[in-house]
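Protein chains: 2
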Amino acid sequence: MASRRATGEGPGRGGGRPVSRIDAESAVFPVEDPGVASTPGERRWRTRLHGAWNIGDNANGGYALTPVLRAMAAAAGHADPVSVTAHFLRPGRGDTDGEVATRLLRPGRRISTVAGELHQQGSLRLAALAAFADLGAGSPPGPELTLDPPDLPPPERCRHRGGLEQGVTLPILDRLEVRIHPDRAEAGASDTAEISGWIRFADDTPPSTLTLPLFADAFPPAVYAWLGRVGWVPTVELTVHVRRRPVPGWVRARFVCDDLVDGRVIESGALWDAEGRLVARSRQLGLLLGPGA
Amino acid sequence: MASRRATGEGPGRGGGRPVSRIDAESAVFPVEDPGVASTPGERRWRTRLHGAWNIGDNANGGYALTPVLRAMAAAAGHADPVSVTAHFLRPGRGDTDGEVATRLLRPGRRISTVAGELHQQGSLRLAALAAFADLGAGSPPGPELTLDPPDLPPPERCRHRGGLEQGVTLPILDRLEVRIHPDRAEAGASDTAEISGWIRFADDTPPSTLTLPLFADAFPPAVYAWLGRVGWVPTVELTVHVRRRPVPGWVRARFVCDDLVDGRVIESGALWDAEGRLVARSRQLGLLLGPGA
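Residue numbers (the numbering used here), protein chains in the order written: chain A, 1 to 293; chain B, 1001 to 1293.
Below is the structure:
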């Protein structure tokens, strides 16, 4: 792919750093002539999902969202998704081309709102709505409230996600290093549905506000620690609020499920950067498909 | 309006109960001939927002969402919004006609996903994405987790929202009875940003899964109790997960803000029905515009 045409944080930004895997494997390229009459504010892009980010046979939802977010950020003209909601309609497919459509719903000086969609093989895979802003802009000091990061053993004393008996294959662990708090790493051994741990890109690409939603969808389901092997818990809808730009290094995360009824799981999460600052909140609705449901 | 054509929970359901205010004032009517080429799965509706649901000079966001949700539920073919996200782009206008557009993104036996928009006077006011299901369907018993309702004095010992010095006019209190926990009813007197209380329709219309999002957006901002008079805190984005169908009677609610940075507020809420069962969760991103920001 002609990486010079990639949108987002590709080469040319950050002083000539080599193309990272996530940058290359979630790049989007504007389609200059969409070939059909398009509605006002609509833009089309092409992308390709890679199989290395699969959970089982499907592209991880947070990964499938990443190229859509890149296109949406470009359409918004602001860098940071302060609120993004994605509905996952059909699993994304690895090693398969995709088309992204964005529609600028409301441009604004502080906040712009954009709709985005990912299509593969002629069918809609995910639909998203997001508000973008520029978090680095600075503002007069005001009142603050924040969540403190959880206590965690250092990454080297946590468990590799691949070592958990989750019941699904995890090609994504070729791309992401995910370490789980040892107290939460035994299936069904906990009396609360909670997972905490560390995450970073395997090639040490620094986290960014565009990739925090992927981080928020890459841990085992919080019900794993409580219910045991739950297999794939598909996400119906994921909402991520990005709060600050993360510094480079490991990202710390905590996910809790306090609400499960009729096989429908609500999971709430939070992410902190290497300096312990809260960088994102997440909440998702998932479906428990396994024998426990 | 020809109420026999109204969609949702209008007359003809519930055994001939008179038209309630919320039913009449959030009714939608299909536009048979949209007059322009429409995309597949798209439907158009007309509605009218009433001024009685204003907060200050603007339609309450949850109220403006209600007709859109009615149209989306009709398009989905399922009754209950198990996940709905609305982005509020421009304030809705009371006593003004509106047009609703829905697009069925993915029909399903268990879950259908729909996009919806509200336009008034030619401009887009709100955009929504929602997954609908049928919560009354029943399913084999499985594992459950839930949130217990907060302890509250009974409604008659709580404070009317109108009695709080919030700094905005509240025409909406002609339509909704909102009672606040007395410990949270003094501006700025609490050391946590939390609001709890009771809510019901003033004409005693029973709550429904279509009106819980409105209930989730009708309390004072949780930062009120902590920061003091904060005026209007516009909602950028609101996500509501409906968990169960509520029984008739007062709905109990609790909202917490544990995350405020750069004037951007994250508020999380939960609603319980008159039997104390959790019926909805909410999370929203709001903007603190007042002098405290």
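Just so you know, even glycine gets a beta-carbon here, dropped at the ideal spot from N, CA and C. This structure is a prediction, so every number in the text was calculated from the model and none was measured.
So for residue 74/A, helix, strand or coil by DSSP?
Taking the first residue of the first sequence as 1, we reach residue 74/A at position 74. Reduced to three states, the DSSP call for residue 74/A is helix.
In chain B, which residues lie less than 9 Å from residue 136/A when you measure between Cβ atoms?
Residue mapping note: residue 136/A aligns to position 136 of the first sequence, counting from 1. Near residue 136/A there are no residues of chain B at all, since even the closest Cβ is about 11 Å away, more than 9 Å.
What residue range is occupied by the uninterrupted beta strand (DSSP E) comprising residue 219/A?
Within the first sequence, residue 219/A is the residue found at index 219, counting from 1. Counting along the chain, residue 219/A falls outside any beta strand (DSSP E), and DSSP gives it neither H nor E.
Strictly under 8 Å for the Cβ-Cβ distance: is residue 263/A near chain B by that measure?
Taking the first sequence and counting its residues from 1, one reaches residue 263/A at position 263. Taking Cβ atoms only, chain B reaches closer than 8 Å to residue 263/A, which makes this a yes.
First and last residue of the alpha helix (DSSP H) that includes residue 1021/B?
Position 21 of the second sequence, counting from 1, holds the residue named residue 1021/B. Note, residue 1021/B: alpha helix (DSSP H), 1021–1025.
For the candidate residues 147/A, 195/A, 202/A, whose alpha-carbon lies nearest to that of residue 172/A?
Sequence index remark: in the first sequence, residue 172/A carries index 172 (1-based). Taking only the C-alpha atoms, the option nearest residue 172/A is 202/A.
Taking a cut of 8 Å between CB atoms, which residues from the region 1076–1091 of chain B lie near chain A?
Going along the region 1076–1091 of chain B in chain order, one finds 1082, 1083, 1085, 1087, 1089, 1090 with a Cβ nearer than 8 Å to chain A.
Going straight from the alpha carbon of residue 284/A to that of residue 1024/B, what length do you get?
Taking the first sequence and counting its residues from 1, the one referred to as residue 284/A is at position 284. Taking the second sequence and counting its residues from 1, the one referred to as residue 1024/B is at position 24. If I take the Cα positions, the gap works out to 33 Å.
Measuring straight from C-alpha to C-alpha, what distance separates residue 1282/B and residue 1234/B?
Within the second sequence, the letter at position 282 stands for residue 1282/B. Within the second sequence, the letter at position 234 stands for residue 1234/B. Looking at the two C-alpha atoms, the distance is approximately 16 Å.
Looking at chain A, is there any beta carbon in it that lies within less than 8 Å of the beta carbon of residue 1283/B?
Locating residue 1283/B in the second sequence gives position 283, where the first residue counts as 1. Answer yes: the Cβ-Cβ gap between residue 1283/B and chain A drops below 8 Å somewhere.
Mind checking if residue 209/A is an interface residue toward chain B, Cβ cutoff 8 Å exclusive?
As a first step, residue 209/A is located in the first sequence; it is residue number 209 there, counting from the start. It does not; no Cβ of chain B falls within 8 Å.
Could you work out which residues of chain A lie near residue 1216/B, taking near to mean beta carbons separated by less than 8 Å?
Taking the second sequence and counting its residues from 1, the one referred to as residue 1216/B is at position 216. Those within 8 Å of residue 1216/B in chain A number zero; the least Cβ separation is about 14 Å.
Could one say the Cβ of residue 1096/B lies closer than 8 Å to chain A's Cβ atoms, at least one of them?
Locating residue 1096/B in the second sequence gives position 96, where the first residue counts as 1. Closer than 8 Å: no.
Could you name the residues that DSSP lists as bridge partners for residue 257/A?
Within the first sequence, residue 257/A is the residue found at index 257, counting from 1. The partner list for residue 257/A (beta bridge, DSSP) reads 267/A.
Excluding sequence positions up to five away, which residues of its chain have a Cβ less than 6 Å from the Cβ of residue 1088/B?
Taking the second sequence and counting its residues from 1, the one referred to as residue 1088/B is at position 88. The residues are 1061, 1126, 1235.
Exposed or buried, what is residue 263/A when buried is set at 16 or more other beta-carbons lying within 10 Å of its beta-carbon?
Along the first sequence, one-based indexing puts residue 263/A at 263. Buried, by the Cβ-count rule.
Kindly list the residues whose CB is nearer than 8 Å to the CB of residue 1190/B, restricted to its own chain and excluding five residues on each side of it in sequence; keep chain order.
By 1-based counting over the second sequence, the position of residue 1190/B is 190. These residues qualify, in order along the chain: 1183, 1184, 1225, 1226.
Whole angstroms is fine: what's the gap from residue 1135/B's alpha carbon to residue 1079/B's?
Translated into the one-based positions of the second sequence, residue 1135/B becomes position 135. Translated into the one-based positions of the second sequence, residue 1079/B becomes position 79. Using only the alpha carbons, I get a separation of about 8 Å.
Between which two residues does the alpha helix (DSSP H) harbouring residue 212/A extend?
In the first sequence, the residue the question calls residue 212/A occupies position 212. Unbroken alpha helix (DSSP H) run through residue 212/A: 212–215.
Quick check on the burial criterion: 16 or more other C-beta atoms within 10 angstroms. Buried or exposed for residue 273/A?
Looking up residue 273/A in the first sequence gives position 273. So residue 273/A counts as buried.
Determine the extent of the beta strand (DSSP E) in which residue 1117/B is found, giving its start and end residues.
Residue 1117/B sits at position 117 when you count from the first residue of the second sequence. It spans 1112–1120 - the beta strand (DSSP E) in which residue 1117/B sits, taken as one unbroken run.
Establish whether the CB of residue 1113/B and some CB of chain A are separated by less than 8 Å.
The residue labelled residue 1113/B in the question sits at position 113 within the second sequence. So yes, residue 1113/B belongs to the interface.
Check whether the region 47–59 of chain A and the region 1091–1101 of chain B are in contact - that is, three or more C-beta pairs closer than 8 Å.
With the cut-off at 8 Å, the region 47–59 of chain A and the region 1091–1101 of chain B do not touch.
Listing by chain order, which chain A residues have their CB less than 7 Å from the CB of residue 1129/B?
Numbered from 1 along the second sequence, position 129 holds the residue referred to as residue 1129/B. Correct list: 85, 87, 127, 129.
Note down the Cα distance separating residue 279/A from residue 1033/B, rounded to an integer number of angstroms.
As a first step, residue 279/A must be located in the first sequence, where it is residue number 279. As a first step, residue 1033/B must be located in the second sequence, where it is residue number 33. Cα to Cα, the separation comes out at about 47 Å.
Which chain B residues are close to residue 258/A, counting only those with a beta carbon under 9 Å from its beta carbon?
What you label residue 258/A is simply residue 258 of the first sequence in a count that begins at 1. Here the neighbours are 1145, 1146, 1147.
Would you say the region 57–74 of chain A touches the region 210–220 of chain A, given that touching needs at least three Cβ pairs under 8 Å?
Yes: the two stretches touch, three or more of their Cβ pairs being nearer than 8 Å.
Following the continuous beta strand (DSSP E) through residue 1048/B, name the residue where it begins and the one where it ends.
Translated into positions along the second sequence, residue 1048/B becomes position 48. That run of the beta strand (DSSP E) goes 1042–1049.
Kindly indicate which three-state DSSP category residue 5/A falls into: helix, strand or coil?
Your numbering for residue 5/A matches position 5 in the first sequence. Low confidence applies here, because residue 5/A scores a pLDDT of 40, under 50, leaving its location unreliable and the question unanswered by this model.
Check whether the region 1116–1130 of chain B and the region 1157–1169 of chain B touch, using three or more Cβ-Cβ pairs below 8 Å as the test.
With a cut-off of 8 Å, the region 1157–1169 of chain B and the region 1116–1130 of chain B do not count as touching, because too few Cβ pairs lie within range.
Pull the bridge partners of residue 123/A from the DSSP assignment, please.
Position 123 of the first sequence, counted from the first residue, corresponds to residue 123/A. 120/A.
Would you identify the three-state DSSP class for residue 1130/B, choosing helix, strand or coil?
For the purposes of this step, residue 1130/B is identified with residue 130 of the second sequence, where counting begins at 1. Residue 1130/B: strand per DSSP, three-state reduction.
Quick one: using the 10 Å Cβ neighbour count with 16 as the cut-off for buried, is residue 207/A buried or exposed?
In the first sequence, counting from the first residue as 1, residue 207/A sits at position 207. By the 10 Å Cβ count, residue 207/A comes out buried.
With burial defined as no fewer than 16 other Cβ atoms inside 10 Å of the residue's Cβ, what is the status of residue 1013/B: buried or exposed?
Locating residue 1013/B in the second sequence gives position 13, counting from the first residue. Bear in mind that the predicted position of residue 1013/B carries a pLDDT of just 46, short of 50, making it unreliable; the figure below should be weighed with that in mind. Exposed is the call here.
Quick one: which chain A residues come within Cβ less than 7 Å of residue 1266/B?
On the second sequence, position 266 is the one that residue 1266/B refers to. The answer, in chain order, is 241, 281.
Short of 8 Å in beta carbon distance, which residues of its chain neighbour residue 1245/B, apart from the five on each side in sequence? Order them along the chain.
Walking along the second sequence from the start, residue 1245/B turns up at place 245. For residue 1245/B, where only same-chain residues beyond five positions count, the Cβ hits under 8 Å are 1080, 1135, 1136, 1208, 1209, 1279.
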